[in-house]
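J.:
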């Protein structure tokens, strides 16, 4: 990995290979983007996504309908938690069609909770509908954020926590974007923001939150897309206040 704090185990690529085989056995002509296929670093992950999104335009096989589908996979989100035996690590799987996420799945094996969503069909946990939390005041909000290894992201996180801590109920850092996004979707958390993440960290959880009635944007409150790396997902009710507080701290 690009940073000694950003871990990779022998298990990550094995999990990815298993997921990839299942997906491509069912949909052999679909595209697949997995974290373990990409060199470390944000530039490499951004370039890999861009290559996949642009691939259909350059494809001359005539099978463009299949190339429109892209599976985006993080086989173990929260690898540091996994290495240290903390039950906060799980796969995150999304499928995008023409650059827009249409399916999201996050499976928490430790609690046997599977979060699923299909665009325009709501979000579920273990088959039951879920919705975001009802907190409408930032003072009642439980806000999650990351503890990133990269220097710039770390500096922005420290700025954000200093400004947010006196204003919200509490802050949580769980070490897995997937679980924090899923828990915003089912109301256990009010919001989650992060200064820099890759598409495989975000795609499934972003759709879960919006389908559960929440809001998902970048840190300037602009619309989210697969290329977005600076993210904020919330119940929607405190979203503008959260973005405003972060921006006032110099995080945007």
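Numbering (the working numbering), first residue to last: 706 to 957.
Cβ coordinates follow ideal geometry from the N, Cα and C atoms, glycine included.
This structure is a prediction, so every number in the text was calculated from the model and none was measured.
#1: Between residue 736 and chain D, is there a C-beta pair that is closer than 7 Å?
#2: With a Cβ-Cβ cutoff of 7 Å, do residue 796 and residue 780 count as a contact?
#3: Mapping DSSP to helix, strand and coil, what is residue 719?
#4: Whole angstroms is fine: what's the gap from residue 953's alpha carbon to residue 782's?
#5: By the three-class DSSP mapping on this structure, what secondary structure does residue 885 have?
#6: With distances taken Cα to Cα, identify the nearest neighbour of residue 899 among 825, 857, 732 and 789.
#7: Could you tell me which residues DSSP puts in a beta bridge with residue 937?
#8: Answer with buried or exposed for residue 878, where buried requires no fewer than 16 other C-beta atoms within 10 angstroms of its C-beta.
#9: Looking at residue 895 and residue 847, is the spacing between their C-beta atoms short of 7 Å?
#10: Give the C-beta separation of residue 882 and residue 845 to the nearest angstrom, bearing in mind that I take them to be a contact with Cβ-Cβ under 8 Å.
#11: So for residue 817, helix, strand or coil by DSSP?
#12: Tell me residue 739's beta-bridge partners as DSSP assigns them.
#13: Give the DSSP-derived three-state secondary structure of residue 891 in the structure shown.
#14: Could you pull the DSSP bridge partners for residue 877 from this structure?
#15: Are residue 908 and residue 890 closer than 7 Å when you measure CB to CB?
#16: In angstroms, rounded to a whole number, what distance separates the CA positions of residue 733 and residue 920?
#17: Tell me where the alpha helix (DSSP H) around residue 914 begins and ends.
#18: In angstroms, rounded to a whole number, what distance separates the CA positions of residue 710 and residue 854?
#19: In terms of residues, what are the limits of the alpha helix (DSSP H) holding residue 861?
T.: Well, looking at it:
#1: Absent from the structure: chain D. Only one protein chain is present.
#2: In this structure, the beta-carbon distance from residue 796 to residue 780 falls below 7 Å.
#3: In the three-state reduction of the DSSP assignment, residue 719 falls in the helix class, which pools H, G and I.
#4: If I take the Cα positions, the gap works out to 30 Å.
#5: Three-state DSSP puts residue 885 in a helix.
#6: Looking at 825, 857, 732 and 789, the one whose alpha-carbon comes closest to that of residue 899 is 857.
#7: The partner list for residue 937 (beta bridge, DSSP) reads 898 and 922.
#8: With fewer than 16 other CB atoms across the displayed protein chains lying within 10 angstroms of its CB, residue 878 is exposed.
#9: Contact: yes.
#10: That belief does not hold up - the Cβ atoms of residue 882 and residue 845 are roughly 23 Å apart, past 8 Å.
#11: It is coil, neither helix nor strand.
#12: Paired residue(s): 778.
#13: In the structure shown, residue 891 sits in coil (DSSP, three-state: anything other than H, G, I, E or B).
#14: The partner list for residue 877 (beta bridge, DSSP) reads 849.
#15: Not in contact: residue 908 and residue 890 (Cβ atoms no closer than 7 Å).
#16: Residue 733 and residue 920 have their C-alpha atoms spaced approximately 33 Å apart.
#17: Where residue 914 is concerned, the enclosing alpha helix (DSSP H) stretches over 904-916.
#18: Bear in mind that the predicted position of residue 710 carries a pLDDT of just 47, short of 50, making it unreliable; the figure below should be weighed with that in mind. If you take the alpha carbons of residue 710 and residue 854, they lie about 6 Å apart.
#19: Note, residue 861: alpha helix (DSSP H), 856-869.
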